[in-house]
Amino acid sequence: MNTLSRITDRLTGFLSYFGMIGVLAMMVHICADIIGRTVFDISVPATLEMVTRYYMLMLVLLPLAWVESKRFMIMVEAFSGLFGKLGLRIIDVLVAVVCIGVYSILAISTWEKAIEQYDVGAYIVALDTQIIVWPGYFTLPFGFGLAALVCLVRIPLLLFPQSASEAA
Amino acid sequence: MFLETGLIGLGVLLVMLILRVPVAIALIGVSMGGIAAMMGSDVAVSMLASKPYDFLSKWTLSAVPMFLLMGFVSYHTGLTAGLFNAAKVVFRWLPGGLAISSVVASSGFAAVSGSSVACAAAMGKIAIPEMVRSGYKPSFACGTIAAGGTIGALIPPSILMIIYGTFTQTSITNIFLGGIVIGLVTALAYSIVIMLVSFFRPDVVPRHEEGALDYTVAQAIREVWPVLVLGIIIFGGMFSGVFTATEAGAIGAGGAIIISVLLRRLDLSTFKTSLLETLSTTSSLLIIGIGASMFTVFLSLSGVSGAVGDLLAEWQLSYLQLMLAIVVVYLILGLFMEPFGAMLITLPIFLPVLSDFGVSLIWFGVLVVKLLEIGMITPPVGMNIFVIRGVASQYASLVDIFRGVTLFLVADLLIVALMVFAPEFVMILSE
Amino acid sequence: ATLTAGVSAKELRLASGLPPLHPAHDPLYTDFQELLPEYSDGRLSGRLFGTEITTLGNMRASILSGMVEVGLFLPAYFPADLPNFNLVGDLSMLGHQNPQVTAAAMSEYILTCDDCQDEFKKLGVVYTNSHANPYSVLTTKPVTKPEDLDGLRLRTATPQHARWVEAMGGKAVTMATGEAFEALSQRVIDGTVTSISDVISFNLGEVITHITLLDMGTFHSLANHSVRNNVWNGLSLEDREALMKASVVANVRTTARWLEMVAEGKGVAQENGLEILEPEQSLVDATLKFKDDDLVDAAASSEERFGITGAEAKVERFKALVEKWEGLIADTDGSEDAVVALYESEILSKIDLATYGQ
Ligand code: NA
Ligand code: NA
Chain A
1 MNTLSRITDR LTGFLSYFGM IGVLAMMVHI CADIIGRTVF DISVPATLEM
51 VTRYYMLMLV LLPLAWVESK RFMIMVEAFS GLFGKLGLRI IDVLVAVVCI
101 GVYSILAIST WEKAIEQYDV GAYIVALDTQ IIVWPGYFTL PFGFGLAALV
151 CLVRIPLLLF PQSASEAA
Chain B
1 MFLETGLIGL GVLLVMLILR VPVAIALIGV SMGGIAAMMG SDVAVSMLAS
51 KPYDFLSKWT LSAVPMFLLM GFVSYHTGLT AGLFNAAKVV FRWLPGGLAI
101 SSVVASSGFA AVSGSSVACA AAMGKIAIPE MVRSGYKPSF ACGTIAAGGT
151 IGALIPPSIL MIIYGTFTQT SITNIFLGGI VIGLVTALAY SIVIMLVSFF
201 RPDVVPRHEE GALDYTVAQA IREVWPVLVL GIIIFGGMFS GVFTATEAGA
251 IGAGGAIIIS VLLRRLDLST FKTSLLETLS TTSSLLIIGI GASMFTVFLS
301 LSGVSGAVGD LLAEWQLSYL QLMLAIVVVY LILGLFMEPF GAMLITLPIF
351 LPVLSDFGVS LIWFGVLVVK LLEIGMITPP VGMNIFVIRG VASQYASLVD
401 IFRGVTLFLV ADLLIVALMV FAPEFVMILS E
Chain C
1 ATLTAGVSAK ELRLASGLPP LHPAHDPLYT DFQELLPEYS DGRLSGRLFG
51 TEITTLGNMR ASILSGMVEV GLFLPAYFPA DLPNFNLVGD LSMLGHQNPQ
101 VTAAAMSEYI LTCDDCQDEF KKLGVVYTNS HANPYSVLTT KPVTKPEDLD
151 GLRLRTATPQ HARWVEAMGG KAVTMATGEA FEALSQRVID GTVTSISDVI
201 SFNLGEVITH ITLLDMGTFH SLANHSVRNN VWNGLSLEDR EALMKASVVA
251 NVRTTARWLE MVAEGKGVAQ ENGLEILEPE QSLVDATLKF KDDDLVDAAA
301 SSEERFGITG AEAKVERFKA LVEKWEGLIA DTDGSEDAVV ALYESEILSK
351 IDLATYGQ
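Protein chains in written order, with the numbering used here: chain A, 1 to 168; chain B, 1 to 431; chain C, 1 to 358.
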C-alpha cells in the first residue's frame with residue numbers, strides 16, 4: 001500500500017506539471033492571437049480549437065487527482081463540528097468510498113467515449129489545417145481514473161492513521 | 001411521473017452535502033443515480049460520457065484560469081501592495097479616512113483579481129495593523145476589510161460572473177458592466193457606513209488621522225503604477241473592443257507576469273505557487289460546474305424544474321414576492337455554502353422560472369453575485385471572515401469580526417433592495 | 001384537445017437540441033408538441049426539453065440511449081451512419097430557392113428511398129420528414145464577381161458549399177454556427193455561406209458588411225422529428241398517422257418561418273447600413289457551371305467513399321423530385337393548408353404506416 005501511495009503521489013504531482021503547461025500554453029496562444037491580429041493583421045491559427053479541445057481539458061483534468069489528494073475539493077464544512085473526531089473519520093472513509101464509485105463510473109463512461117472518438121479518428125477543420133481532437137477525450141478517463149485511485153489510497157490512511165505516520 | 005425521484009434526489013443531495021461529500025461528487029452522484037433509476041443505466045452512462053467534455057470545451061470558460069493566474073501573480077509578487085498607501089494620499093482627510101482608504105484599495109485590488117477571498121487576505125495583512133495602531137476598534141477594522149473584500153467579486157474581472165455567464169449563455173461583458181455599477185455603489189455605501197460610525201462613535205472609528213504620511217506622494221505613485229497599468233490595459237482593451245472579456249484574462253495574466261518580471265519580483269518558486277493555486281482553484285471550481293450541468297439534466301428529466309415553475313404560477317407570485325423568495329433562499333444558502341456551489345445548485349431551478357417572469361438574466365447575474373458575496377461575511381461560514389481571522393488573529397476573535405461586519409451587512413441589504421426595486425439602475429452602463 | 005383518453009396517454013420526450021428562438025425549435029418542436037394531442041385525440045403528448053438536456057452534437061447518443069424519444073437529427077454530424085441520406089442531403093445547391101419545394105422533395109425522396117430507410121433501421125431511428133432553409137453569401141468584403149472570392153476564407157456548413165468556395169478560388173472553413181460571430185469579429189474568416197436570418201439570430205449583422213443575393217440553394221440535411229425505433233414500434237397505426245401529420249404541419253410552418261426570418265434579416269441589414277448586392281452574371285454563370293460539374297464528382301466520390309450504388313441515378317431522381325414539387329407548389333397559393341394537402345396526397349397516402357419504419 002505504501003509503494004502504491006508513493007507512486008500515486010509522484011504521478012499526481014507529475015501530471016499537475018502538465019496542467020501548468022496547459023495554463024501557460026493557453027495564455028501565450030490567446031495573447032499571440034490578440035497581438036497578431038491587432039498589431040500585425042495576421043491571425044494565429046486554431047486558437048479557439050486548441051483552447052476548447054485541449055488546454056481547458058488539460059488544465060482541469062490533469063491536476064484533478066492532485067487536487068483530490070491535497071483535499072482541495074470544495075465541500076460544505078459547516079456541519080463538521082457535529083460529528084466529533086471519530087465520527088468525522090468514519091464519515092471520511094464513507095465519503096472516500098462514494099468518491100471512488102463516482103470517479104470510477106465517470107472514468108469508465110468517458111473511456112468508452114474516448115475510444116469511440118479514437119476509432120472514428122475525430123477531427124475538426126480550422127482554416128486549412130485539420131486538427132485531430134480525439135486525444136483530448138482521453139484526458140477525462142485519465143483524470144477521473146487517477147482521482148479514484150487517490151481516494152482508494154486514502155482509505156487505509158484514514159483507517160490506520162498510526163501506521164501511516166510511521167510509514168511517512 | 002418521475003417527480004418523486006427528483007425530490008428524493010434533492011433530499012439525498014442535501015444529506016451528502018452535510019456529510020461532507022465534495023459538492024461536485026454529490027451533484028454527479030445524485031444525477032447519475034437518479035437518471036439511472038428513472039430511465040435506466042444506458043441514459044445515465046450516455047450523459048456521464050458526454051457532459052464533462054461538453055461543459056469544459058467552452059471558449060468563455062477559459063477566462064477563469066486566466067483571471068485567476070493574473071490575480072495570484074499580482075498578489076504573490078506584491079504588485080497590489082501599494083494600493084493602500086496610494087488610497088491614503090487621497091482619502092486620509094475624511095472622517096474614518098484609513099478605513100475608507102482600505103475600501104478604495106480593495107476596489108482597486110478587485111480590478112486585477114477575480115475573487116473576494118484574495119482581496120480580503122491581501123488588504124487584511126496591510127491595513128488592519130495600521131488601523132488598530134491609529135485607534136480603530138479592532139473588530140470594526142477587521143469587519144471593514146472582510147466586507148471590503150466582497151467588492152473583489154463585484155468589480156470585474158469576477159470568476160463568479162464568468163461562470164454564471166457561461167452557464168446561462170449571457171454576455172459576460174454586460175454582466176461585468178453591471179458589476180462595475182454595483183461594486184462602486186458597494187464601495188460608496190461602505191464608506192458612508194464608516195463616516196457615520198465615525199460621527200456617532202469616535203471611540204470605534206477616529207474622526208481624524210494623527211501625524212503626517214511617512215512617504216511622499218511620488219513614492220506612493222511609484223508603488224501603485226503597476227496595478228494601474230494592468231487595470232488600464234484590461235479595462236481599456238475590453239471595453240474598447242480590442243479584445244473580448246474572455247481574452248482579457250490572458251492579456252491580464254501575461255501583463256502581470258511581464259510587469260513583475262521587469263520589476264524583478266517574480267522568481268521561479270513564486271511563479272510555481274501562482275500556477276499551482278490557479279490549477280487547484282480552476283479544477284475544483286469547474287468540476288462543480290460539470291456536476292451542476294448533470295444536475296440540470298436530472299432536475300429537468302424528473303420534472304422538478306417544471307414543477308417549481310408550475311407551483312409558482314399556481315401561487316401567482318408577484319415579481320416582488322418572487323424576488324423576496326429568491327433573495328431569502330440565497331441569504332440562507334450563503335450562511336452555510338461557498339458561493340460557487342450555491343450558485344450552480346440553484347440556477348437550474350431558478351432559471352426556468354425567471355424566463356417566465358421576463359427577468360433580464362444579466363441583471364439577475366449581478367444580483368446573484370451580490371447575494372452570494374453577502375454570504376462570504378455572514379456566520380457561521382463566512383470565507384472572508386475566516387481569512388481575516390487567519391491574517392489578523394491577534395486583533396479579534398471570529399465572533400468579534402462577525403460583529404464588526406454587521407453594519408456593512410445592513411448596507412448590503414439596502415443595496416439589494418435598490419437592485420430589486422430599480423433593476424434599470426444596475427444596467428445603467430450596459431445600454 | 002380532448003383529454004378523455006387520460007390513463008393511456010403516452011407522453012414523449014422531445015428535444016430539438018437548439019436554443020428556444022431557433023426556428024428548428026420554435027415552431028418545429030413547439031408546434032409539434034401542440035399538434036400531437038390535437039391530432040391523436042389526446043392519446044399522445046410531448047414534453048419538450050431544452051439544450052440543458054442535449055445538443056445537436058449529442059442527439060445520436062441521446063436518442064439511442066432513450067433519454068430523448070423524438071429529436072432533431074442532423075445526418076451531416078454523423079456521416080458514417082447515413083451515407084445515402086447524406087448523398088442528397090449534402091447537395092445543398094440542388095435546393096430550390098423556395099425552401100418549401102426543397103423540403104417536400106427531400107421528404108418524398110427519403111421516405112421512398114429503400115437504401116436510406118435501411119440505414120435508418122440499422123441506426124435505430126424512424127425518419128419523418130425534412131425542412132429547408134435558403135442560403136446566401138454573407139461577407140466582410142463585397143462579392144459580386146468570381147474574382148472577388150479569390151483568397152477569401154468562408155465558413156461553410158455543407159460539403160458542396162465548401163467545394164464551391166474552393167472552386168471559386170477561396171478557402172472553405174468548417175466551424176459551428178455559434179462560433180462564426182467570434183471568428184468573423186477576430187477576422188479569422190472573411191464571411192460565411194449561411195441563411196440571411198443569421199444576421200439577427202447569431203448577431204452577424206454586427207460583424208459582416210455585405211450580403212450577396214446569390215442562390216446558394218438550401219440547407220436540408222435534416223431529419224425533423226426522428227423517432228426512437230422502439231417508441232415507434234409501440235405506437236398504434238392511428239398514433240403513427242397523428243405523429244406524421246403533426247410533423248408535416250410543423251415542418252411546413254418551420255420552412256415558412258425561415259422565409260420570414262430571411263426577410264427580417266434583410267430588413268435589419270438595411271437598417272444597419274449593410275450593403276445588399278446582386279451578383280453579376282459572371283458569378284451566376286460560374287456558379288451554375290460549378291453545380292453541373294460537381295454533381296458528377298459528388299456521385300462518384302460518395303460511391304467511392306461509402307460504397308453507395310447507383311449514386312448518379314439517385315441524384316437524378318432527387319433533381320426530378322425538386323422539379324416535380326416546383327410545379328406542384330407553383331400551382332397552389334403556397335399557403336400552409338395547400339402545402340400540407342400536397343404532402344398528404346403526394347407522399348403520406350403512398351406510405352403504409354402499419355409497416356413503415358419496421
Ligand atoms: Na474583481
Ligand atoms: Na456565510
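Just so you know, even glycine gets a beta-carbon here, dropped at the ideal spot from N, CA and C.
Using a Cβ-Cβ distance under 8 Å, would residue i count as near chain C?
| i | result |
| --- | --- |
| residue 43 of chain A | yes |
| residue 296 of chain B | yes |
In whole angstroms, what separates the C-alpha of residue i from that of residue j?
| i | j | result |
| --- | --- | --- |
| residue 342 of chain C | residue 98 of chain C | 15 Å |
| residue 159 of chain C | residue 291 of chain C | 13 Å |
| residue 34 of chain C | residue 19 of chain C | 18 Å |
| residue 271 of chain C | residue 214 of chain C | 21 Å |
| residue 283 of chain B | residue 76 of chain C | 34 Å |
| residue 274 of chain C | residue 142 of chain C | 10 Å |
| residue 7 of chain A | residue 73 of chain A | 21 Å |
| residue 313 of chain C | residue 88 of chain C | 11 Å |
| residue 9 of chain C | residue 48 of chain C | 16 Å |
| residue 253 of chain C | residue 201 of chain C | 18 Å |
| residue 116 of chain C | residue 249 of chain C | 23 Å |
| residue 258 of chain B | residue 65 of chain B | 17 Å |
| residue 272 of chain B | residue 402 of chain B | 34 Å |
Would you say residue i lies against chain A (beta-carbon separation less than 8 Å)?
| i | result |
| --- | --- |
| residue 45 of chain B | yes |
| residue 20 of chain B | yes |
| residue 283 of chain B | yes |
| residue 229 of chain B | no |
| residue 50 of chain B | yes |
| residue 25 of chain B | yes |
For residue i, name the three-state secondary structure that DSSP assigns.
| i | result |
| --- | --- |
| residue 194 of chain C | strand |
| residue 7 of chain C | Because the pLDDT at residue 7 of chain C is just 48, under 50, the model does not fix this residue reliably, and the point stays unresolved. |
| residue 139 of chain C | strand |
| residue 95 of chain C | coil |
| residue 209 of chain B | coil |
| residue 278 of chain C | coil |
| residue 1 of chain C | Note that residue 1 of chain C has pLDDT 37, beneath the 50 cutoff, so the model's placement of it is unreliable and the number below is only indicative. Of the three classes helix, strand and coil, the one that applies to residue 1 of chain C here is coil, per DSSP. |
| residue 29 of chain A | helix |
| residue 155 of chain B | coil |
| residue 138 of chain A | coil |
| residue 161 of chain C | helix |
| residue 14 of chain A | helix |
| residue 130 of chain A | strand |
| residue 151 of chain C | coil |
| residue 145 of chain C | coil |
Considering only DSSP beta bridges, list what residue i is partnered with.
| i | result |
| --- | --- |
| residue 71 of chain C | C:15 and C:226 |
| residue 133 of chain C | C:219 |
| residue 125 of chain C | C:228 |
Would you mind sorting residue i into buried or exposed? The rule is 16 or more other CB atoms within 10 Å of its CB.
| i | result |
| --- | --- |
| residue 13 of chain C | buried |
| residue 90 of chain A | exposed |
| residue 267 of chain C | exposed |
| residue 319 of chain B | exposed |
Comparing the CB of residue i with every heavy atom of ligand 4, is any distance shorter than 7 Å?
| i | result |
| --- | --- |
| residue 378 of chain B | Only ligand 1 and ligand 2 can be found as ligands here, which leaves ligand 4 out of the picture. |
Would you say residue i faces chain B, with C-beta separation under 8 Å as the test?
| i | result |
| --- | --- |
| residue 52 of chain A | yes |
| residue 15 of chain A | no |
| residue 226 of chain C | no |
| residue 55 of chain C | yes |
| residue 151 of chain C | no |
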